[in-house]
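S.K.: In the working numbering, the protein residues as written are 143 to 635.
I am attaching a structure below and will ask some questions about it afterwards.
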């Protein structure tokens, strides 16, 4: 890939707003950095900024656009994280790679593409998420997807070079099925700092995401005579599917404004339950203090197992996240986390901290499943954790996601004034419900036909409920969010 040293030294852009055709008046309210980063990417892709060009000085461009210097600095940082530019100190920020821009979709539906009503079916099949992810859309408001365009490529490459530069030849052999010791140490410290969990590295098991955690647990619990794991209702369709694949029944337990109803959990008779206490999926409620104590009494008194899915607890905007249940009742809580919402699902890296009586069986199940996760990505991730790079990224993401959440709330108020909003305090998604009688799968299909992808709320339920949508905002700009919600509003009208 060409670098700036390979091109003439005078390839710099000292002035920007005219050359780059930028006008801050065109930017959406609250989304200046998103807008500027997008315009800069476009300038690189269409050749106005070539590989080797130096971006305008942040102070100069800020003055020309009449925005704060922080807006320009954050936009430049997005390009650096994307791998499209690098910071060269006093030499400025230099373009090092052009983004790949997909061709505009043809107006007609290509042969083989499923029609909208075949994607958003009332009864989703086992491959529903594969189908939804593969279905192209102009604006994707699917929940659970982080800002993949901002993956910290440059930081990852730097960490990978450090790891490869010091890795002994034996490091390329078979590793510990529990996970690389370096990553287990880093995860233990991460959990202590961010989730209040005191745990030793030997208690941490590295897995291929929370999906694998559920599969391993289902096998271990099945060997011990358990054939059902209760789940929240509404709750994660994906979690239900994974548990059912491994032979578990998933009795639904209602969720209200304080979280899972423990009296209903007792009534269903299950001895294990999956919960999302820090930010319930999809409603966004936090498990209340009284309900937390009640849930822990259920586990302690009856020997129950709480499977704590801490899928996005770090993304909290109004206050620090509540402590993990694992920090209070380690003998009865199996804690599961991952980097899917913090870095990217493609890394397939997560961790599980199980009660002592289950740890050995889970390690054995992991060993005979895949001999352990790939070693090199574990070492790179450990480096990012130990150097503080991951926490710096988390701080950046919180600021960015909060702005996008605010943009979605404004858009809902404008285009869907009759919708009730839930889950605004944290996470990467909102849930909206409607006081009406219609199939939300029909609404999702109609929006998809007009280029906007969103998830029907009914997919998260096993019992009847009000229609609604689960809308992700992390992977879209403020402009895209407003346009997508406007499309849903016009469809609903």
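Here a beta-carbon is modelled for each residue, glycine too, at the ideal position from N, C-alpha and C.
Please read these numbers as outputs of a predicted model, since none were measured by experiment.
Taking all protein chains shown into account, do 16 or more other C-beta atoms lie within 10 angstroms of the C-beta of residue 622, making it buried, or fewer, making it exposed?
M.R.: Taking the chain shown and counting its residues from 1, one reaches residue 622 at position 480. Classification of residue 622: buried, given that the 10 Å Cβ count is 16 or more.
S.K.: Residue 396 bridges to which residues according to DSSP?
M.R.: Reading the chain shown from its first residue, position 254 is the one you call residue 396. Beta-bridge pairing links residue 396 to 375.
S.K.: Under 6 angstroms Cβ to Cβ from residue 257, same chain only, skipping five residues before and after it: list those, please.
M.R.: The residue you call residue 257 lines up with position 115 of the chain shown. Contacts found: none.
S.K.: What first and last residue would you give for the alpha helix (DSSP H) that runs through residue 551?
M.R.: Position 409 of the chain shown, counted from the first residue, corresponds to residue 551. Looking at the DSSP string, the run of the alpha helix (DSSP H) that includes residue 551 is 531 to 557.
S.K.: Secondary structure at residue 354, three-state DSSP: helix, strand or coil?
M.R.: One-based indexing of the chain shown puts residue 354 at position 212. Note: residue 354 maps to helix in three-state DSSP.
S.K.: Anyone know if the C-beta pair for residue 289 and residue 540 falls short of 8 angstroms?
M.R.: Here residue 289 refers to the residue found at position 147 when the chain shown is read from its first residue. Here residue 540 refers to the residue found at position 398 when the chain shown is read from its first residue. No; because the gap between Cβ atoms is not below 8 angstroms, this pair is not in contact.
S.K.: Using the beta-carbon count (16 or more within 10 Å), is residue 331 buried or exposed?
M.R.: Residue numbering aside, residue 331 sits at position 189 when the chain shown is read from its first letter. With fewer than 16 Cβ atoms within 10 Å of its Cβ, residue 331 is classed as exposed.
S.K.: Nearest to residue 328 by CA position, among 534, 493, 596 and 535, is which residue?
M.R.: Along the chain shown, one-based indexing puts residue 328 at 186. For residue 328, the nearest C-alpha among the options comes from 493.
S.K.: Opposite residue 563 in the DSSP bridges: which residues?
M.R.: For the purposes of this step, residue 563 is taken as the residue at position 421 of the chain shown. According to DSSP, residue 563 bridges with 574.
S.K.: For residue 447 versus residue 441, is the C-beta distance shorter than 8 angstroms?
M.R.: Against the chain shown, residue 447 aligns to sequence position 305. Against the chain shown, residue 441 aligns to sequence position 299. In this structure, residue 441 lies closer than 8 angstroms to residue 447 by Cβ.
S.K.: Just tell me which of 342, 274, 321 and 536 has its CA closest to the CA of residue 351.
M.R.: For the purposes of this step, residue 351 is taken as the residue at position 209 of the chain shown. Nearest of 342, 274, 321 and 536 to residue 351, Cα basis: 321.
S.K.: Do residue 270 and residue 284 have their C-beta atoms within less than 8 angstroms of each other?
M.R.: Position 128 of the chain shown, counted from the first residue, corresponds to residue 270. Position 142 of the chain shown, counted from the first residue, corresponds to residue 284. Not in contact: residue 270 and residue 284 (Cβ atoms no closer than 8 angstroms).
S.K.: What do you reckon, are the CB atoms on residue 428 and residue 468 nearer than 8 angstroms?
M.R.: Your numbering for residue 428 matches position 286 in the chain shown. Your numbering for residue 468 matches position 326 in the chain shown. No, the Cβ-Cβ distance between residue 428 and residue 468 is not below 8 angstroms.
S.K.: Could you pull the DSSP bridge partners for residue 672 from this structure?
M.R.: Given a span of 143 to 635 for the chain in the structure shown, any question on residue 672 remains unanswerable.
S.K.: Whose CA, out of 348, 426 and 182, lies closest to the CA of residue 374?
M.R.: Mapped onto the chain shown, residue 374 falls at position 232. Cα-wise, what sits closest to residue 374 is 426.
S.K.: Just mark residue 314 as buried or exposed, buried being the case when its beta carbon has 16 or more other beta carbons within 10 Å.
M.R.: Counted from its first residue, the chain shown places residue 314 at position 172. Burial call: exposed.
S.K.: What separation, rounded to the nearest whole angstrom, lies between the Cα atoms of residue 630 and residue 525?
M.R.: Position 488 of the chain shown, counted from the first residue, corresponds to residue 630. Position 383 of the chain shown, counted from the first residue, corresponds to residue 525. Near 42 angstroms, if we compare the C-alpha coordinates of residue 525 and residue 630.
S.K.: How about the segment 361 to 375 and the segment 384 to 403: do they share at least three Cβ pairs that are nearer than 8 angstroms?
M.R.: The segment 361 to 375 vs the segment 384 to 403: in contact.
S.K.: If you draw a straight line from the alpha carbon of residue 179 to that of residue 202, how long is it in whole angstroms?
M.R.: As a working mapping, residue 179 is identified with position 37 in the chain shown. As a working mapping, residue 202 is identified with position 60 in the chain shown. When rounded, the distance between both Cα atoms is 16 angstroms.
S.K.: If you run the structure through DSSP and keep just helix, strand and coil, what is residue 437?
M.R.: Along the chain shown, one-based indexing puts residue 437 at 295. In the structure shown, residue 437 sits in a helix (DSSP, three-state: H, G or I).
S.K.: So what's residue 622 in DSSP terms, helix, strand or just coil?
M.R.: If you number the chain shown from 1, residue 622 lands on position 480. Residue 622 falls in the helix class under three-state DSSP.
S.K.: Any contact between the segment 204 to 224 and the segment 290 to 302? By contact I mean 3 or more CB pairs, one from each, below 8 angstroms.
M.R.: Touching, yes.
S.K.: Quick test of your reading: residue 376 and residue 424, contact by CB under 8 angstroms. State the CB separation rounded to the nearest angstrom.
M.R.: Translated into the one-based positions of the chain shown, residue 376 becomes position 234. Translated into the one-based positions of the chain shown, residue 424 becomes position 282. Confirmed, Cβ separation roughly 6 angstroms.
S.K.: What are the partner residues of residue 451, as DSSP defines its beta bridges?
M.R.: Taking the chain shown and counting its residues from 1, one reaches residue 451 at position 309. The partner list for residue 451 (beta bridge, DSSP) reads 478.
S.K.: Going by the DSSP bridge assignment, what does residue 236 pair with across the sheet?
M.R.: Counting from 1 along the chain shown, the entry for residue 236 is found at position 94. 196 and 228, per the DSSP bridge assignment.
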